[in-house]
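As you go down the protein sequences, you meet chains A and B in turn.
Counting in the working numbering, the first sequence runs from 1 upward without gaps.
Counting in the working numbering, the second sequence runs from 1 upward without gaps.
Where a beta carbon is used, it is the ideal one built from N, C-alpha and C, also for glycine.
If you're wondering where the values come from, they're calculated on a predicted model, not measured in any experiment.
Number of protein chains: 2
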Amino acid sequence: MKRITIKDVAKAAGVSTAAISYALNGKESKVSVETLERIQATVASLNYIPDFSARSLVNKKSNLIGVIIPETEGYNSAILENPFYSEIVSGIESELRKHNYHLILTGMDRGKGYSDLTLQRNLDGVIIMGIYNDSLYEELKKVNIPIILIDSYIDDTLFKKIGIDDEFGGSMATRHLIDHGHTHIALVTGKIKKDGVVEKRFLGYKSELEKAGLLYNPAYIFEDSIRYEHGVQAGIMVAQKHPEITGIFATADMVAFGIISGLQEADKRVPEDVSVIGFDDIMMSSMFIPQLTTIRQDIKAKGIRAAQYLIQTIQGSISNDLEKNTLPLKLIERQSVRRVLS
Amino acid sequence: MKRITIKDVAKAAGVSTAAISYALNGKESKVSVETLERIQATVASLNYIPDFSARSLVNKKSNLIGVIIPETEGYNSAILENPFYSEIVSGIESELRKHNYHLILTGMDRGKGYSDLTLQRNLDGVIIMGIYNDSLYEELKKVNIPIILIDSYIDDTLFKKIGIDDEFGGSMATRHLIDHGHTHIALVTGKIKKDGVVEKRFLGYKSELEKAGLLYNPAYIFEDSIRYEHGVQAGIMVAQKHPEITGIFATADMVAFGIISGLQEADKRVPEDVSVIGFDDIMMSSMFIPQLTTIRQDIKAKGIRAAQYLIQTIQGSISNDLEKNTLPLKLIERQSVRRVLS
DNA sequence: TTATTATGTTGTATTGATTTAATATATATC
DNA sequence: GATATATATTAAATCAATACAACATAATAA
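What follows is the structure, given as structure tokens:
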């Protein structure tokens, strides 16, 4: 089946290809009403669908957006095994589709460049998740297209960012435990890297302890990776080695699930013996038993907002609306935290 | 920053653009060793990256694969909220990346066509999830590119398929309950549509009941959608209206989670009072409490296999290896099913 | 009526890479 | 040394669309 090109349409409608192009690209003013209608009719009858390759070759726009998920430790080349990212991508996709952009989804082998994809495909823009100071940093600057960073604290006006106030979130979670009478509070988290979200949440945790006059004990920090398995280990550890700990703040819900399992495995009950608070409020958190008390961020909205922001930037209607770029957080009280009597 | 084109490289290396093209596309035999080396050197020094739009314009290959997730009932335009799909996409992505294909991920508004995307982007192939007999059927045939269907029973040699033996899986699950002494077994499931996977699982359930001489009771079928919420409702229903039911087969793990919550809400314990078996073995199933007994399919492998099969088809090395296209199932015994005494 | 402006319309160059056919050069055969 | 063969190399056509500049026609102004 041969492809129907703009020439075929032109011939059938008895006009030039230029007329077709004008008629189809919002330049109806350059075409009379009669020809416009005739063109539209023939386009429909021939079922003509323009070729994006040819189009993007001339006007350097591809209507393609790259969505890049760097490999997280522990999630080996399985970029969507982390449900948090799935929800974000889901939001991005729905928003992009609404605006007639297509989405190229890709993981990123460490070492390999971002710019390859971008240049090869003439991407109109890129959304990158959870990147912290890194070698990629400089490379990103070279590729001169709009870039939105989700959950990044890279401090450069060149990059637009969508995120949350992670430090505040860390404070909220910690304070919630403190307010419920907990005095020995552990933190279970992924690697604390400079300018990563996890560092900020940790900072919130620490400052809130100080504010409450509680002792910050480095032995209460279980730092490894943002994975279920790490949570399990930490849970067992807490149960066996630290009976004084009654509250645990996990910097991700996934980790909180692991902690709860680990605790139960070591015969501690949640929340009767130990309270656990998570972070993110992924979908599973309300389905888990016990239902997880956590700091909610609207994950899907994050994706949607990132897509909107990117599209605005591409189309030049840049609204540098910082308030809308730091999304709200909310404490969701469910079943995994209880009050202890002092 | 101006783009570096093949012409720039040609000029810098003192050869024609044709030579560059040969050197870069595995046609080294048409180029002498010296020029090849010179070209490679200049390509590296100029950091030349070819433009896929131009390339795909001439050879009608885009190195792009479309991954299409039709909107599931209940998952309104949030294509990845279903963790099952996320895992598949994850598998597809890793495999495609390995072979230098890029992936366009998109949901599909009901009504809108598949062929638009395909033709616009000159896709080399398409992977479509969970499509059953439908109006889209005919449209798919018109677009003459390789298509892999995941979890579909559309019977047409034009479409290649990757799936599992859903009926057998349904049997396995049901038999497991029967073997554990259960005689009143409910089925909680999404809409049973002709040629959908759910229908097959239902058929397996039914036939296994008959085989065991048990009564098939339509009142035990809770048919609505493959969603957590439906599971909750069904769980409550069973607890309140059907105390005789001791075993429940959910045609998806997500639904099983809901059932367990619903049962607990209505003061039934799992597995002490009621046993629940799921289907899929998504990641959460081993993390859930109680850990879910389920029929495992290797979800990520499904994605990988689909990608492999598609790439083979595109490249002409078609291995119509049916055995490898029906992936194995395995009963995973965990904590949500227990033996009842008769 | 002629000059001027506005409105449609089209021919053609352009985009970046591939590929065919033609050409130039080197090597082997007799 | 002349002819045939193999090997490098390149000029130019091609892919499908866009957009500039040129031109024709109609509408308006003088």
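Just the chain B side, please: which residues come within less than 7 Å of Tyr228/A by C-beta, in chain order?
Residue numbering aside, residue 228/A sits at position 228 when the first sequence is read from its first letter. Residues of chain B passing the Cβ test: Met287.
I'd like the span of the alpha helix (DSSP H) that includes Glu167/A, first residue to last.
Against the first sequence, residue 167/A aligns to sequence position 167. First-last of the alpha helix (DSSP H) with Glu167/A: 166-179.
Shortest alpha-carbon distance to Leu36/A belongs to which of Ser56/A, Val15/A, Ile49/A, Ser53/A?
Position 36 of the first sequence holds residue 36/A. Scanning Ser56/A, Val15/A, Ile49/A, Ser53/A for the CA closest to the CA of Leu36/A turns up Val15/A.
Of all the CB atoms in chain B, is at least one closer than 9 Å to the CB of Thr189/A?
Reading the first sequence from its first residue, position 189 is the one you call residue 189/A. Not closer than 9 Å to any Cβ of chain B, the Cβ of Thr189/A fails to qualify, so no.
Distance between Ala250/A and Arg269/A (C-alpha atoms, nearest Å):
Counted from its first residue, the first sequence places residue 269/A at position 269. Counted from its first residue, the first sequence places residue 250/A at position 250. Answer to the nearest angstrom: the Cα atoms are 17 Å apart.
Please name the residue, chosen from Met129/B, Lys206/B, Ser62/B, Ala173/B, that lies closest to Ile79/B on a Cα-to-Cα basis.
Within the second sequence, residue 79/B is the residue found at index 79, counting from 1. Of the listed residues, the one whose Cα sits closest to Ile79/B is Met129/B.
How far does the alpha helix (DSSP H) with Leu36/A in it extend, from its first residue to its last?
What you label residue 36/A is simply residue 36 of the first sequence in a count that begins at 1. First-last of the alpha helix (DSSP H) with Leu36/A: 33-46.
Can you confirm whether Gly107/A, when its beta carbon is compared against all beta carbons of chain B, has any partner nearer than 9 Å?
Counting from 1 along the first sequence, the entry for residue 107/A is found at position 107. For Gly107/A, the answer is yes, since a Cβ of chain B falls inside 9 Å of its Cβ.
Proximity of Pro146/B and Asp124/B at Cβ, strictly below 9 Å
Residue numbering aside, residue 146/B sits at position 146 when the second sequence is read from its first letter. Residue numbering aside, residue 124/B sits at position 124 when the second sequence is read from its first letter. Yes, these two residues count as a Cβ contact at 9 Å.
Within 8 Å, do at least three Cβ pairs link the stretch 260-276 of chain B to the stretch 228-244 of chain B?
yes
Given this structure, state the Cα-to-Cα distance separating Ile4/A from Leu96/A, to the nearest angstrom.
Start at 1 with the first residue of the first sequence, and residue 4/A comes out as number 4. Start at 1 with the first residue of the first sequence, and residue 96/A comes out as number 96. Rounded to whole angstroms, Ile4/A to Leu96/A spans 27 Å at the Cα level.
Throw me the rounded Cβ distance for the Met287/A and Tyr228/B pair, which I believe falls under 8 Å.
In the first sequence, counting from the first residue as 1, residue 287/A sits at position 287. In the second sequence, counting from the first residue as 1, residue 228/B sits at position 228. With a Cβ gap of about 6 Å, Met287/A and Tyr228/B count as contacting.
Reducing DSSP to helix, strand and coil, say where Gly262/B ends up.
Here residue 262/B refers to the residue found at position 262 when the second sequence is read from its first residue. Residue state, collapsed to three classes: helix.
Which stretch, first to last residue, makes up the beta strand (DSSP E) that contains Gln335/B?
Here the question's residue 335/B lines up with position 335 in the second sequence. Premise fails: Gln335/B is in no beta strand (DSSP E) and is neither H nor E.
To the nearest angstrom, how far is the alpha carbon of Thr118/A from that of Val9/B?
Taking the first sequence and counting its residues from 1, the one referred to as residue 118/A is at position 118. Taking the second sequence and counting its residues from 1, the one referred to as residue 9/B is at position 9. Using only the alpha carbons, I get a separation of about 19 Å.
Taking a contact to mean a Cβ-Cβ separation below 9 Å, would you say Met283/A touches Glu71/B in this structure?
Residue numbering aside, residue 283/A sits at position 283 when the first sequence is read from its first letter. Residue numbering aside, residue 71/B sits at position 71 when the second sequence is read from its first letter. Not a contact, by the Cβ cut-off of 9 Å.
Between Val340/B, Lys300/B, Asn59/B, which lies nearest to Phe84/B when the distance is taken from Cα to Cα?
As a position in the second sequence, residue 84/B is number 84, starting the count at 1. Here the closest residue by C-alpha is Lys300/B.
Can you have a look at Pro243/B and say buried or exposed, based on whether 16 or more other CB atoms are within 10 angstroms of its CB?
The residue given as residue 243/B occupies position 243 in the second sequence. It is exposed - the Cβ of Pro243/B has fewer than 16 other Cβ atoms within 10 Å.
Nearest CA to the CA of Ser349/B: which residue from His102/B, Thr106/B, His99/B?
Since the displayed chain B opens at 1 and closes at 342, residue 349/B lies outside it and no answer follows.
Work out the CA separation of Asn144/A and His102/B for me, nearest whole Å.
On the second sequence, position 102 is the one that residue 102/B refers to. On the first sequence, position 144 is the one that residue 144/A refers to. Cα to Cα, His102/B sits roughly 21 Å from Asn144/A.
Would a check of beta-carbon distances place Val89/A closer than 9 Å to chain B?
As a working note, residue 89/A is residue 89 in the first sequence. With 9 Å as the cut-off, Val89/A counts as an interface residue toward chain B.
Does Leu99/B get closer than 9 Å to chain A when you measure Cβ to Cβ?
Position 99 of the second sequence, counted from the first residue, corresponds to residue 99/B. Looking at the sequence shown, residue 99/B is not Leu but His. No, no contact with chain A.
So that I know if they touch, is there some Cβ in chain B lying closer than 9 Å to that of Phe249/A?
Translated into the one-based positions of the first sequence, residue 249/A becomes position 249. With 9 Å as the cut-off, Phe249/A does not count as an interface residue toward chain B.
Decide if Glu272/B is buried, meaning its Cβ has at least 16 other Cβ atoms within 10 Å, or exposed.
Numbered from 1 along the second sequence, position 272 holds the residue referred to as residue 272/B. It is exposed - the Cβ of Glu272/B has fewer than 16 other Cβ atoms within 10 Å.
Could you give the first and the last residue of the continuous beta strand (DSSP E) run that contains Arg201/B?
As a first step, residue 201/B must be located in the second sequence, where it is residue number 201. Careful: Arg201/B lies outside any beta strand (DSSP E), inside the alpha helix (DSSP H) at 197-211.
Considering Cα atoms alone, identify which of Glu199/A, Tyr114/A, Ser171/A, Ala173/A is closest to Asp151/A.
Along the first sequence, one-based indexing puts residue 151/A at 151. Looking only at Glu199/A, Tyr114/A, Ser171/A, Ala173/A, the smallest Cα-Cα distance to Asp151/A is reached by Glu199/A.
Can Asp195/A and Ile154/A be called in contact, C-beta distance under 9 Å?
As a position in the first sequence, residue 195/A is number 195, starting the count at 1. As a position in the first sequence, residue 154/A is number 154, starting the count at 1. In contact: Asp195/A and Ile154/A (Cβ atoms closer than 9 Å).
Beta-bridge pairing of Asp280/B - partner residues as DSSP gives them
Walking along the second sequence from the start, residue 280/B turns up at place 280. Asp280/B pairs with Arg296/B.
Does the beta-carbon of Thr157/B have 16 or more other beta-carbons within 10 angstroms, so that it is buried, or is it exposed?
If you number the second sequence from 1, residue 157/B lands on position 157. With fewer than 16 other Cβ atoms within 10 Å, it is exposed.
Which residue marks the beginning of the beta strand (DSSP E) containing Leu64/A, and which one marks its end?
Against the first sequence, residue 64/A aligns to sequence position 64. Per DSSP, Leu64/A belongs to the beta strand (DSSP E) from 64-70.
Can you find a C-beta in chain A that's less than 9 Å from the C-beta of Asn217/B?
Looking up residue 217/B in the second sequence gives position 217. Not closer than 9 Å to any Cβ of chain A, the Cβ of Asn217/B fails to qualify, so no.
Of the residues Tyr114/A, Gly190/A, Tyr48/A, Tyr22/A, the one placed nearest Gly66/A, counting alpha carbons only:
Start at 1 with the first residue of the first sequence, and residue 66/A comes out as number 66. Out of Tyr114/A, Gly190/A, Tyr48/A, Tyr22/A, Tyr114/A has the C-alpha closest to the C-alpha of Gly66/A.
Of the residues Lys241/A, Thr246/A, Ile245/A, Ile289/A, the one placed nearest Gly258/A, counting alpha carbons only
Within the first sequence, residue 258/A is the residue found at index 258, counting from 1. Relative to Gly258/A, the option among Lys241/A, Thr246/A, Ile245/A, Ile289/A whose CA is nearest is Ile289/A.
For Thr157/A, does the three-state DSSP call read helix, strand or coil?
As a working mapping, residue 157/A is identified with position 157 in the first sequence. In the structure shown, Thr157/A sits in coil (DSSP, three-state: anything other than H, G, I, E or B).
Cβ-based burial, Leu140/A [other Cβ within 10 Å; buried from 16]
Counting from 1 along the first sequence, the entry for residue 140/A is found at position 140. By the neighbour-count rule (16 or more Cβ atoms within 10 Å), Leu140/A is buried.
Just the chain B side, please: which residues come within less than 8 Å of Leu46/A by C-beta, in chain order?
As a first step, residue 46/A is located in the first sequence; it is residue number 46 there, counting from the start. Those do not exist, as Leu46/A stays about 12 Å from chain B at its closest Cβ, beyond 8 Å.
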